[in-house]
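Participant: Residue numbers (my numbering): 9 to 307.
Ideal Cβ placement from N, Cα and C applies to all residues, glycine included.
All figures in this text were calculated on a predicted structure; none of them were measured in a lab.
Starting off with a structure, shown below.
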């Protein structure tokens, strides 16, 4: 029999002929990673925007939850995060920049409803987490050069591709407060039980035909069972801003259509902004096909 031996209970990625692939969810010998000493620093800005500005970004079967708040308002969080001391990267780290839509739900054909936050896109500045997150979990990860600077009471991030800056993000007038960090989704956005993703992979040689096309759900409760996370420091800000630069296709050959769309989303008002520092992090191994999970929510 030709080819490498396949271990069905271990993660494989291309090039698969070399055997199980080490990554954030397993070591080279199949051992689960220890995330207890990992650290992360995350700055965030949550704002209101009309639901009509986001509807076209929701995949088929996804929709906004019915909430007691305004029928017209949606909630979005833009987040810049630095992960460090990661065992799976030899105790190194990387940066990421994410765009979240809160108060979203997906209804399965069986009538199960998954309620949470939809992640349509994020950028990271290292190939290893991009490849593993896309192939193993279905995260919509793209590459960017991410530059972060901090001064007393302020935080700034710039994202670019080959020297073409496409986003600036900042929070200011930060002051430290006590307590654990709250979830990114504000309560008025609706129920937030987990992260919703849309996994898509094309079929080789058949443009427009999907090999893989399904929703993914990452339940927060299951993630907490994998690895606890504790807040080290927490800051709230008084000012925050995100700017998108919709450059042309020559400046952003593979990203211009995404940045143009994000730049069209208006910020009605800023809800909250701040920064948190945490220790510990789960590996997102609880991600599953949404249609194969059961919850207590039913249509």
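According to DSSP, is residue 9 part of a helix, a strand, or is it coil?
Facilitator: Confidence at residue 9 is low in this model, with a pLDDT of 41, below 50, so its placement is unreliable and no value can be given for it.
Participant: Where do the N-terminal and C-terminal ends of the beta strand (DSSP E) with residue 92 fall, by residue?
Facilitator: Where residue 92 is concerned, the enclosing beta strand (DSSP E) stretches over 81 to 94.
Participant: Give, in chain order, every unbroken run of the beta strand (DSSP E) that is at least 3 residues long and sits entirely within the stretch 197 to 222.
Facilitator: Counting only runs of 3 or more, we get 202 to 210.
Participant: Helix, strand or coil for residue 185? Go by DSSP, reduced to three states.
Facilitator: Correct three-state label for residue 185: strand.
Participant: Under a CB-based cut-off of 7 Å, is residue 216 close to chain E?
Facilitator: Protein chain content of the structure displayed is limited to a single chain, and chain E is not contained in it.
Participant: So what does DSSP say about residue 180, is it helix, strand or coil?
Facilitator: Of the three classes helix, strand and coil, the one that applies to residue 180 here is strand, per DSSP.
Participant: Quick check on the DSSP output: the alpha helix (DSSP H) that includes residue 137 runs from which residue to which?
Facilitator: Unbroken alpha helix (DSSP H) run through residue 137: 135 to 140.
Participant: Can you pull the DSSP bridge partners for residue 308?
Facilitator: Since the first residue shown for the chain is 9 and the last is 307, residue 308 is missing from the structure and cannot be characterised.
Participant: Is it true that the stretch 216 to 235 meets the stretch 291 to 300, where meeting means three or more beta-carbon pairs spaced less than 8 Å apart?
Facilitator: Touching, yes.
Participant: Which of helix, strand or coil does DSSP assign to residue 275?
Facilitator: Coil at residue 275, not helix or strand.
Participant: Would you mind stating whether residue 93 and residue 46 have Cβ atoms separated by less than 7 Å?
Facilitator: Result yes, Cβ atoms of residue 93 and residue 46 sit closer than 7 Å.
Participant: Is the stretch 271 to 288 close to the stretch 185 to 201, with three or more CB pairs under 8 Å?
Facilitator: Taking 8 Å as the limit for Cβ pairs, the verdict is that the stretch 185 to 201 does touch the stretch 271 to 288.
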